[in-house]
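What follows is one structure encoded as structure tokens, with my remarks underneath.
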Amino acid sequence: MSNPIIWWELATHDQEKSVKFFEKVFGWEFRFDENAGFYKMKNGNFTLQGGGIFTLRRAKLPFLALYIQVDDIHEKVKAIQENGGFIVDPPAELAPGEWLCLFNEPSGVTFAMMQTT
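If you want the numbering used here, it's the position in the sequence shown, counting the first as 1, plus 7.
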């Protein structure tokens with residue numbers, strides 16, 4: 008599959024409560040990452056591949072964000088705008104060769120896309 012989902016985040020008002028819910032209901036494993044400040048879901052060795060649960064910081068309502076891997080983030084920004092989407096946060100370089108951009112698809116649902124080289 009081209010442009011796969013590579014990460015997900017659940018933003019909630021109470022990350023501990025959400026973690027306990029998913030652990031009890033689905034048997035998922037999480038570990039709190041002190042450096043990141045949120046719970047990472049076990050996916051092999053708790054690396055960034057997988058997902059995590061964190062407490063809301065800026066947003067007021069809980070949300071689920073899916074991160075899509077892209078080859079050319081600037082090309083995708085243009086395609087999003089040409090097809091009725093909206094750029095929430097323009098591409099930003101997080102680290103050398105690692106770019107992140109938040110966007111809304113036409114109905115307003117927020118997604119993120121990442122480019123790594």
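Think of the CB as a built atom: it goes at the ideal place given N, C-alpha and C, for glycine as much as any other residue.
- With respect to the C-alpha of Cys108, the residue from Val26, Gly91, Glu82 having the closest C-alpha is Glu82.
- The C-beta separation of Leu63 from Ala119 comes to about 16 Å, leaving the pair out of contact by the 8 Å criterion.
- With contact defined as three or more Cβ pairs closer than 8 Å, the stretch 67 to 87 and the stretch 26 to 43 are not in contact.
- Contact check for Trp15 against Leu101 fails: the beta carbons are separated by 7 Å or more.
- For Lys47, the enclosing beta strand (DSSP E) stretches over residues 45 to 48.
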